[in-house]
Every structure is written in C-alpha cells, then in structure tokens.
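Remarks on the structure that follows.
Numbering (my numbering), first residue to last: 69 to 574.
See below:
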C-alpha cells in the first residue's frame with residue numbers, strides 16, 4: 069500500500085494524488101511535521117480537548133461533543149477519558165442518562181406508545197431547528213434510511229423562517245397525528261421559535277386543546293423551554309459546551325432515532341468513537357485528521373488555494389455538503405487568532421460542491437480548464453445497497469476517472485482541448501454507507517477542522533459573526549413592526565437599512 073494510503077473504520081483515505089504533481093519524494097505533510105512548534109500545537113490541542121479544558125476561549129467553554137459520543141456507548145473504550153468535568157463536576161453520568169431518555173422517548177414515539185394529545189399514534193414529526201439543529205439529524209435520515217426498516221413515521225425538517233416552507237409542510241399533515249421537535253441550543257433562535265408559534269396556532273385551530281403537549285424540546289437551557297410551556301419530561305438536555313454544529317451526536321438527533329430506530333444512530337456513535345480513538349492514539353504521521361489538516365494548510369498557505377470542492381459519489385450523502393458548509397466555514401471562518409491578532413491570510417478555503425455525477429455536468433468544466441486553483445475532496449462508497457450493478461460500476465468508474473483527470477490533466481496540441489490538471493485531490497472511499505462509516509466520516513471532518521484551527525491558532529468553536537447578524541435582524545424586525553411613518557431610531561440600523569424598511573412599510 070502507498071505510504072499515503074490509510075484505513076480506519078471502513079474508510080480508506082488516499083492522499084497520493086495530493087502529491088502527484090510534486091517532485092518525487094516531496095511530502096508537504098511530512099515537511100510541516102518537522103516544525104516543532106506545529107507538532108506542539110497539535111499535541112497540546114489533543115491534551116486540552118480530551119482534558120475538558122476551556123479551549124473555546126472567547127466563550128469560556130470546553131468543547132464537549134466527544135463526550136456526547138462516548139456517553140452514548142454502553143461500553144466506552146478504556147483508551148479515552150471516562151470523565152468530562154469542564155467545571156470540576158463530571159457531567160458524563162448526566163450525559164449518559166440523557167442518551168437513555170432520548171432512546172426511550174424516540175422508541176415510544178416509534179412504536180406508538182407515546183401518542184399525540186389527541187390520543188392518536190404519531191405518523192409525522194415536524195423538526196424545527198436551524199443549522200446544526202437541523203442538518204445533522206436530516207443527514208442521518210437521508211443517509212441511513214435506505215438500510216433501515218421502512219419507517220412508520222415521516223420526518224419533516226423546516227429550518228427556515230420563510231413561511232412558504234412551513235405552509236407547504238403543514239398543508240400535508242394531520243395535526244392530530246403530528247408531534248413537533250423544537251431543537252435550539254439557546255432556546256432563543258428566532259427562526260425556530262417563530263415556526264413553533266405558528267405550529268402551535270395550527271394545532272389550536274384544528275381544535276387541539278393543549279397544543280404544547282405535542283412538543284418536545286432539545287436545548288442546553290431547559291428552564292427556557294419550561295417557561296415557553298413545554299413539560300420537563302418532554303425536554304432533552306445537552307451541555308452548553310456542545311456547539312450546534314457539533315450536536316448531531318446527542319439528543320438533537322431524537323427525530324432520526326424515531327424514524328430510523330435506535331440501533332442505526334447507536335452505530336453512528338460507534339463510528340464517531342472509533343475516530344476519537346484513532347485521533348487520540350495514532351502518531352501524527354498516520355493520523356488521518358492531522359494529515360488532512362496539514363494538506364489543507366499546505367494548499368492554503370503555500371499554494372494559495374482558497375477553494376475546496378467536495379463531491380460525494382453517493383446520492384444518500386447529498387446533505388453532507390450543506391452539513392460540511394457549516395462545520396467548515398462557521399468553525400474556520402475567522403479573521404483573528406486566539407489572542408485577537410489579525411490573521412495575515414485567510415484561515416479557510418471556501419467549501420462548495422455537489423454530488424457526483426451531477427457535478428460533472430455543471431461545474432466540473434471549470435475545474436478541468438479554468439485557471440482557478442481548487443483543492444478537491446472526492447468521496448465514494450465501495451459497496452452499494454441496491455442491486456443495480458452496472459450503474460454502481462459506472463458511478464465508481466466516473467469517480468476514479470475524475471480523480472485522475474483533475475490531478476494529472478491531459479495536454480493537447482489543440483489548446484481548446486487541453487486540460488492542465490494540477491489540482492490536489494483527496495479520495496476517501498467508504499466500504500459501505502452505514503452508521504459506523506458515516507460516524508467515522510463526520511468525526512474525521514470535525515477533527516480535520518479542529519486540527520486546521522490548532523495549526524493556525526484560531527477558535528473553531530465560536531461564531532460571533534453569526535451573533536452580529538442576528539442582532540441587526542432583531543432591530544430590523546422591531547422597525548418593520550412599527551407604525552409606518554414613525555422614524556426608526558435604532559442605533560443598529562444605518563440610514564440605508566432604515567430607508568429600505570420605510571419603503572417596505574408603505
């Protein structure tokens with residue numbers, strides 16, 4: 069096997085095309101690992117991460133999503149910490165108990181013992197959440213649904229505050245057979261709470277006396293959910309140290325458990341923990357997340373490549389891209405380091421893409437011939453879960469061909485037909501698209517993000533830019549609700565925004 073080919077939990081990573089265009093024997097990752105300071109940064113990050121240190125400095129928090137994974141297993145691996153005590157008190161027993169509550173509630177919904185307030189079995193769940201509170205469980209259902217028993221419950225994900233999406237959803241459902249999962253870490257998310265109020269009104273209009281008896285909440289702040297009107301026994305908790313974009317491993321995925329069954333999601337946790345063990349124990353030179361982060365750093369800072377295209381050659385992974393959009397760019401899209409010093413260069417390439425082979429018929433032309441440097445990640449699945457042998461053979465053939473073509477290129481005497489190649493390409497093959505492989509894949513990307521952040525000394529756990537945008541939106545909402553002709557004097561709104569608001573109110 070090539071030295072840059074690595075296996076972990078049903079996943080085979082090929083880095084050989086990262087180096088194809090380079091001088092023989094040159095290995096950018098190995099060169100970077102010769103830097104003592106860089107090695108020390110990665111080592112310290114691993115120690116602090118698993119030691120529950122407050123590595124999210126701007127918010128004064130640890131990063132606890134690994135504890136969600138471990139606490140979800142009946143037999144956690146002894147090679148990983150058995151405690152998570154960011155503030156001196158071990159939270160692992162509480163996290164484990166919440167996993168058990170989530171399993172029980174999901175199964176009771178799935179088998180019909182937990183009925184709606186109308187006394188009828190649930191046929192549909194509306195999942196209200198946005199960002200990490202939405203895309204994660206949605207990805208699980210789409211990716212793992214084809215290999216699980218036919219569901220008795222349908223899930224409907226409505227993240228956006230755009231009323232068209234919710235109206236289309238509600239028009240198709242029976243309010244007497246619908247349950248609603250309200251997922252919001254802060255329990256202050258405007259989109260989620262606005263949609264929840266609309267759903268409550270929809271149920272009340274159908275004659276349901278106590279609409280909120282049909283709601284479940286998933287939040288880091290249960291008191292807020294209780295104040296909103298949801299009973300404590302219908303509220304699932306996760307710790308504030310878990311960022312929304314890292315929350316797929318916990319109660320946020322109750323909807324996926326209700327649809328897929330607990331076994332599928334538990335397998336997903338096992339795959340994530342396998343990557344935890346690998347990251348914690350493997351030497352840097354054989355550590356998949358570290359090697360990926362090092363190639364990212366080299367492509368970004370040495371080659372100046374500020375674009376990363378990701379294409380999964382499996383339609384079940386079509387939601388992987390929006391999931392990675394948030395994980396990658398919300399975590400790494402920072403302008404200062406941990407000390408508050410302005411970065412001299414971008415800390416992250418823009419991540420974009422589509423599923424293969426669809427992508428080949430849209431933007432791959434740009435990749436093959438435009439003079440725009442792009443790093444490329446291609447993901448394939450070796451064994452399908454269908455019987456159409458010829459179609460899968462063709463899918464894999466296209467995946468292999470594109471990896472070669474994008475890296476090696478093809479000169480031609482006719483410049484119109486010449487394809488220069490030269491793109492650094494990662495090829496990741498999963499043996500199957502099952503729970504364990506998907507868990508390992510998602511955890512691999514998480515660690516890739518965190519290692520790239522550690523290399524650059526930035527915080528991958530906060531999102532102050534998102535907070536800033538929300539604050540202006542709150543002021544704009546208040547202004548749009550005011551009487552037409554009355555001046556909006558919000559300090560958050562500049563003259564242009566105020567003028568637009570006044571024109572909309574006329």
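By construction, the Cβ of each residue, glycine as well, lies at the ideal position given by its N, Cα and C atoms.
Return the CA-CA distance between residue 69 and residue 420, expressed in angstroms with no decimal places. Legend: pLDDT at residue 69 = 34, less than 50; position of this residue unreliable, no value from coordinates given.
For the region 517 to 553, list the alpha helix (DSSP H) runs that are entirely contained and at least 4 residues long, ordered along the chain. Unbroken alpha helix (DSSP H) runs of no fewer than 4 residues, entirely contained in the region 517 to 553, are found at 532 to 549, following chain order.
Work out the CA separation of residue 548 and residue 232 for me, nearest whole Å. 19 Å
For residue 179, which three-state DSSP category applies? helix
Excluding the 5 residues preceding and the 5 following residue 480 in the sequence, name in chain order all residues of the same chain whose CB lies nearer than 7 Å to its CB. 486
Which partner residues of residue 305 appear in the DSSP bridge assignment? Looking at the DSSP assignment, residue 305 forms a beta bridge with 287.
Length of the line joining the Cα atoms of residue 169 and residue 179: 16 Å
Contact set for residue 263: own chain, Cβ-Cβ below 8 Å, skip 5 residues either direction: 196, 226, 229 and 234
Which of helix, strand or coil does DSSP assign to residue 445? strand
So residue 558 and residue 543 are supposed to be a Cβ contact under 8 Å. How far apart are they, rounded? 4 Å
Mind the definition here: the region 352 to 370 touches the region 505 to 519 only if three or more C-beta pairs lie below 8 Å; say whether that holds. Contact annotation: the region 352 to 370 touches the region 505 to 519, with at least three C-beta pairs closer than 8 Å.
Helix, strand or coil: which one does DSSP assign to residue 346? helix
With distances taken Cα to Cα, identify the nearest neighbour of residue 155 among 175, 119 and 247. 119
Output yes or no for whether 8 Å exceeds the beta carbon distance between residue 266 and residue 194. No.
Would a C-beta distance cut-off of 8 Å place residue 246 and residue 323 closer than the cut-off? no
Between the alpha carbons of residue 319 and residue 352, how many angstroms are there, rounded? 32 Å
Would you please state the rounded distance, in angstroms, between the beta carbons of residue 139 and residue 167? I believe it to be under 8 Å. 6 Å
Please report how far the alpha carbon of residue 176 lies from the alpha carbon of residue 241, in whole angstroms. C-alpha separation (whole angstroms): 21 Å.
Residue nearest to residue 261 in terms of C-alpha spacing, selected from 285, 130 and 392: It is 285.
Beta carbon of residue 397 nearer than 8 Å to that of residue 448: no
Residue range of the unbroken alpha helix (DSSP H) whose run includes residue 211: Note, residue 211: alpha helix (DSSP H), 203 to 212.
Just to confirm the assignment, what range does the alpha helix (DSSP H) spanning residue 461 have? 457 to 476
Straight-line gap, residue 381 to residue 445 (C-alpha atoms, nearest Å): 11 Å
Sequence-distant residues of its chain with Cβ nearer than 8 Å to residue 335 (five each side left out): Closer than 8 Å at Cβ, skipping near neighbours: 502, 503, 504 and 507.
With a Cβ-Cβ cutoff of 8 Å, do residue 400 and residue 521 count as a contact? yes
Is the region 456 to 466 touching the region 289 to 296, taking contact as three or more C-beta pairs under 8 Å? no
With C-beta atoms as the reference, is residue 526 less than 8 Å away from residue 344? no
Rounded to a whole number of angstroms, what is the C-alpha to C-alpha distance between residue 573 and residue 269? Those two C-alpha atoms are separated by around 25 Å.
Cβ-Cβ distance between residue 255 and residue 287 below 8 Å: yes
Starting from the Cα of residue 455, find the closest Cα among 315, 350 and 214 and give me that residue. Looking at the Cα atoms, 214 is the closest of the given residues.
Is residue 171 near residue 325, with beta carbons less than 8 Å apart? yes
CB-CB under 7 Å to residue 530, same chain, minus the five flanking residues each way: which ones, in chain order? Same-chain partners within the cutoff: 124, 126 and 127.
In whole angstroms, give me the CA-to-CA distance for residue 292 and residue 99. 51 Å
Can you list, in chain order, the residues of its chain whose CB lies under 7 Å from that of residue 393, leaving out five sequence neighbours each side? 419
Whole angstroms are fine: how far does the CA of residue 482 sit from the CA of residue 310? 55 Å
Comparing alpha-carbon positions, which option in 474, 149, 134 and 348 lies nearest residue 432? 474
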